[in-house]
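Note that my numbering gives residue 109 to position 84 of the sequence shown, counting from 1, and the numbers run on in steps of one. Quick reminder that beta carbons are idealized off the backbone N, C-alpha and C, glycines included. Quick notes on the structure that follows.
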Amino acid sequence: MASVELRNVTKVYHEVTAVHSASATIEDKEFIVLVGPSGCGKSTILRMIAGLEDISSGQILIDNQVVNEVPPKDRDIAMVFQNYALYPHMTVYANLAFGLKLRKFPKQEIDQRVKEAASILGIEHLLERKPKALSGGQRQRVAVGRAIVRKPKVFLFDEPLSNLDAKLRVQMRTEISKLHSRLESTMIYVTHDQVEAMTMGDRIVVLRDGIIQQIDSPLNLYNRPVNKFVAGFIGSPAMNFLNGTLVAENGLKFKCAQLKLTIAEKHQKILAKYLNKEIVLGIRPENLVENIKSQRYQIVKGNVDVVEPMGNEIFLYLSFGENSVVARLNPNTKPVVNTEYSITFDMDKVHYFDPVTEEAIYC
Ligand code: ADP
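In structure tokens, the structure reads:
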């Protein structure tokens with residue numbers, strides 16, 4: 026198995042800079058997820074690691090060796106694509122065996138590897154079928170199997186679950202995570218789905234417009250996002266943002282239209298430099314809670330716009346003037362649309378961002 030390192034990797038297609046000076050080290054046996062909105066450069070990074078795309082500048086290293094000039098077939102990497110890329114006229118067995126045959130593996134070795142992969146993935150009974158006689162999930166397993174038989178140094182996954190329905194996606198997510206524990210191999214996984222990233226990655230690389238924003242564990246991304254983009258991208262429903270000003274009134278207060286919130290004691294000192302300046306307040310939907318009376322919790326009244334019952338919780342969309350927030354509440358609460366409702370900000374859990382740079386102000 027192997028480590029993978031990107032050193033200031035840039036990719037320019039004509040005028041478009043798809044990836045801008047990306048640097049990251051993926052440790053041996055790590056499961057790393059590249060996540061970001063469509064077009065942010067995830068697939069380009071993966072394809073450059075695989076050698077399917079030239080690098081405009083920078084270096085890629087596999088196992089501490091620069092591979093910029095190494096052709097894909099010699100990189101000892103296997104890639105699983107979103108569209109499975111199975112050969113329709115071949116049986117599952119032949120699909121699994123194909124890459125090994127090309128590499129002139131002995132028949133017996135091929136047979137052993139195909140059967141082993143089929144057993145890991147629970148598709149032994151499908152070996153004689155053609156892809157068209159398989160469900161989406163089964164096809165995806167075959168595509169993964171084709172990578173497993175190669176016993177590569179590094180596995181690359183390019184949005185492999187996008188074509189599956191929601192239930193199967195969740196199931197395959199766990200299967201790929203289990204596979205990672207079992208094979209103990211380095212895996213690099215691309216997705217636009219932040220839930221997939223959070224549940225699967227040892228670490229996550231968040232990308233925006235070809236620029237790496239943050240590389241961190243799922244929990245750190247959630248609790249300590251480096252900027253407003255990461256804060257808003259990770260978590261569902263997304264973090265609420267309010268633009269306001271800090272004023273001094275018995276300590277610091279955040280003022281935004283008719284809202285006035287007392288800043289938590291522990292945040293006062295660091296935020297002092299923003300006095301009388303604009304600031305962005307971020308609060309996650311779960312940190313807007315039912316009414317609690319204390320200095321830490323600030324009650325706000327708003328109009329109920331929408332109530333979405335989810336079964337185990339409700340999403341409440343509340344507006345006050347120009348501003349609105351979404352809260353995750355206990356399903357026993359019964360807000361009524363177009364009536365006034367009070368919600369409480371847990372000020373200890375609030376995030377703050379600079380309105381110009383959008384960088385987090387760590388308190
Ligand atoms: P993602 O995988 O995050 O959706 P991509 O890596 O596919 O993003 O694309 C990143 C950017 O590079 C996009 O702006 C895309 O339009 C552009 N791009 C990707 N491939 C090509 C190409 N072959 N020619 C020109 N532009 C491309």
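- With respect to the C-alpha of P360, the residue from Y109, L341, M372 having the closest C-alpha is L341.
- In this structure the segment 265-272 does not touch the segment 317-329; the number of beta carbon pairs closer than 8 Å is below three.
- In this structure, the ligand ADP has no non-hydrogen atom nearer than 6 Å to the beta-carbon of S160.
- Runs of the beta strand (DSSP E) lying entirely within the segment 225-280 and spanning at least 3 residues, in chain order: 228-233, 236-241, 265-273.
- Of the residues assessed, R138 falls on the buried side of the cut-off, its CB having 16 or more other CB atoms within 10 angstroms.
- Put simply, of T369, N355, V117, G257 the residue whose alpha carbon is nearest the alpha carbon of V167 is V117.
- Within a 10 Å sphere around the beta-carbon of Y214 sit 16 or more other beta-carbons, which makes this residue buried.
- With a cutoff of 6 Å, A43 counts as near the ligand ADP, since its C-beta is closer than that to a heavy atom of the ligand.
- If you check the C-beta of Y38 against the ligand ADP, you find a heavy atom less than 6 Å away.
- In this structure, the beta-carbon distance from E134 to A143 does not fall below 7 Å.
- Remark: three or more beta-carbon pairs, one from each stretch, lie closer than 8 Å, so the segment 53-65 and the segment 221-228 are flagged as touching.
- At a threshold of 6 Å, G66 counts as near the ligand ADP, since its beta carbon sits closer than that to one of the ligand's heavy atoms.
- At a cut-off of 6 Å, the beta-carbon of T69 counts as near the ligand ADP: some heavy atom of the ligand is closer than that.
- Put simply, the segment 74-92 does not touch the segment 118-131. Fewer than three CB pairs are less than 8 Å apart.
- Fewer than three Cβ pairs drawn from the segment 324-334 and the segment 292-299 lie within less than 8 Å of each other, which leaves the two stretches out of contact.
- Distance from the CA atom of R154 to the CA atom of G61, rounded to whole angstroms, is 36 Å.
- Distance between V255 and L204, taken at the CA atoms: about 28 Å.
- Fewer than three pairs of CB atoms, one per stretch, sit closer than 8 Å, so the segment 260-269 makes no contact with the segment 79-96.
- Within 6 Å of the C-beta of S63 there is at least one heavy atom belonging to the ligand ADP.
- When rounded, the separation of the alpha-carbon atoms in D234 and K67 is 10 Å.
- Shown here, F123 sits in a helix according to DSSP, grouped into three states.
- K253 is positioned such that its CB atom lies no closer than 7 Å to that of F370.
- Residue state for G307 is assigned as strand, using DSSP reduced to three classes.
- Counting only residues of its own chain and dropping the five nearest sequence neighbours on each side, S210 has a CB closer than 8 Å to the CB of M26, K54, P177, K178, V179, F180.
- For L152, the CB contacts under 7 Å within the same chain, skipping 5 residues up- and downstream, are T116, V117, Y118, A143 in chain order.
- Secondary-structure assignment with DSSP links I339 through a beta bridge to P334, L354.
- Comparing alpha-carbon positions, the option among K294, K278, G346 lying closest to I386 turns out to be K294.
- CA-to-CA, the gap between T35 and I80 works out to about 6 Å.
- For R32, the three-state secondary structure derived from DSSP is strand.
- The DSSP-derived three-state label of S210 is coil.
- By the neighbour-count criterion, in which a residue is buried when 16 or more other Cβ atoms sit within 10 angstroms of its Cβ, D241 is buried.
- If you keep only unbroken alpha helix (DSSP H) runs of at least 4 residues inside the segment 54-93, you get 67-75.
- Note on V350: 16 or more other CB atoms within 10 angstroms of its CB, so buried under the neighbour-count rule.
- The beta-carbon distance between Q107 and E184, rounded to whole angstroms, is 4 Å. This is short enough to meet the 8 Å contact definition.
- Out of Y38, V29, A43, V41, the CA that lies nearest to the CA of T50 is found in V29.
- The C-beta separation of L232 from Q238 comes to about 7 Å, placing the pair in contact by the 8 Å criterion.
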